[in-house]
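Trainee: Structure below; questions to follow.
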Amino acid sequence: MKTIAVILCGSGFKDGSEIRESVGVFWALSQHAVQVRCFAPNTPQTDVVNCLTGKTVLGENRNMLVEAARIARGEIQPLSALDTSRVDGVIIPGGFGVAKNLCTFAKEGSKGSVDPTLKKILEALYAEKKPIGAVCIAPALLALTFPGRKFELTVGGTCEVSQEIERLGHRHVVCSANDCVVDASHRVVSTPAYMDDQAPLHEIFAGIQKLSGEVVKMAVG
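Per our numbering, the sequence shown starts with residue 694, numbered consecutively.
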């Protein structure tokens, strides 16, 4: 049985992993005969945002692993425990937390950096020719991790994020929320999801379903 890792970074679209996208990934993977293992950094979030008001909550700290356990129903391990030799592929749901917690893209764009533990994991997966799926803003994380590798990536339409991705030496492909972009040569798959914030949920799930299917197909197992 193939094993697909899902990397989360909290719970909530403003400061962690986007809950709908994360559930969409789990839903999509449940349609395949795969084992799913969840991971998140056991470190504090960059910030805490009130998703009702959109304002940062001052003086409050939340742990990414603890918060992500809400989505994973408690079945989750620290990111540092992810052994790439024991998984066949990985999918990273989106959410603004990806750009703030897993890397510094939110503040620094193409000049940003990636969490060292995650960077090491992604580089190992790439070297082992194991597929990586990136949802929503997560392609920007991949662009930062692999500058100059000429990945084909999508965050939907042309925007500031897509321009920063291209500054990092990749090709941005325009794509609708109900589809995905497959870079077979680099074994990378991406889908816009809520980067198109006007897309209906069923289209977002359709794109995530296609992405998940491609990742499973590429996984050696």
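For glycine and all other residues, C-beta sits at the position ideal for the given N, C-alpha and C. Computed from a prediction, not measured in an experiment: that's the story for all the values here.
Sort SER883, LYS748, PRO893 by Cα distance to GLY906 and report the nearest one.
Mentor: SER883
Trainee: Is VAL807 closer than 7 Å to PRO832 when the C-beta atoms are compared?
Mentor: No, the Cβ-Cβ distance between PRO832 and VAL807 is not below 7 Å.
Trainee: Let me check understanding here. Comparing Cα to Cα, which of ILE712, GLY709, LEU722 lies closest to THR696?
Mentor: LEU722
Trainee: At the level of alpha carbons, what is the spacing between LEU815 and CYS796?
Mentor: 13 Å
Trainee: Restricting to Cα atoms, I'd like to know which of LEU811, ALA912, ILE897 is closest to TRP720.
Mentor: ILE897
Trainee: Return the chain-ordered list of same chain residues with a C-beta closer than 7 Å to the C-beta of ALA892, the five sequence neighbours on each side being excluded.
Mentor: ALA870
Trainee: Count Cβ pairs between the stretch 772-790 and the stretch 812-829 that sit closer than 8 Å; are there 3 or more?
Mentor: yes
Trainee: Smallest Cα separation from VAL729: which of THR739, VAL828, LEU775?
Mentor: LEU775
Trainee: Give the range of the beta strand (DSSP E) segment to which VAL828 is assigned.
Mentor: 825-828
Trainee: Are the beta-carbon atoms belonging to VAL867 and VAL874 less than 7 Å from one another?
Mentor: no
Trainee: Take VAL750 and list the residues in its own chain whose beta-carbon comes closer than 6 Å to its own, dropping the five residues that flank it on each side.
Mentor: VAL741, ASN743
Trainee: From this set, GLN738, TYR887, GLY767, which residue's C-alpha is nearest GLU753's C-alpha?
Mentor: Out of GLN738, TYR887, GLY767, GLN738 has the C-alpha closest to the C-alpha of GLU753.
Trainee: My assumption, with CB atoms under 8 Å, is that ALA817 sits in contact with THR777. Please give the rounded CB distance.
Mentor: 4 Å
Trainee: If the criterion is Cβ atoms closer than 7 Å, does the pair PHE844 and ASP876 meet it?
Mentor: yes
Trainee: According to DSSP, ARG864 sits in a beta bridge with which residue or residues?
Mentor: GLU845
Trainee: Taking the alpha helix (DSSP H) that ALA792 belongs to, which residues open and close that run?
Mentor: 789-793
Trainee: Going by C-alpha distance, which of TYR819, LEU772, LEU834 is nearest GLU801?
Mentor: LEU834
Trainee: Cα separation between LEU904 and LYS748?
Mentor: 32 Å
Trainee: Can you name the residues that DSSP bridges to PHE732?
Mentor: ILE700, GLN770
Trainee: Would you identify the three-state DSSP class for LYS903, choosing helix, strand or coil?
Mentor: helix
Trainee: Flag this pair as yes or no: are the beta carbons of CYS731 and ILE769 separated by less than 7 Å?
Mentor: Yes; because the gap between Cβ atoms is below 7 Å, this pair is in contact.
Trainee: Can you tell me whether DSSP reads PRO737 as helix, strand or coil?
Mentor: It is a strand residue.
Trainee: If we ignore side chains and look at the alpha-carbon of each, how far apart do GLU930 and GLU857 end up?
Mentor: What the structure shows of the chain is the stretch from 694 to 914, and residue 930 is not part of that stretch, so it cannot be assessed.
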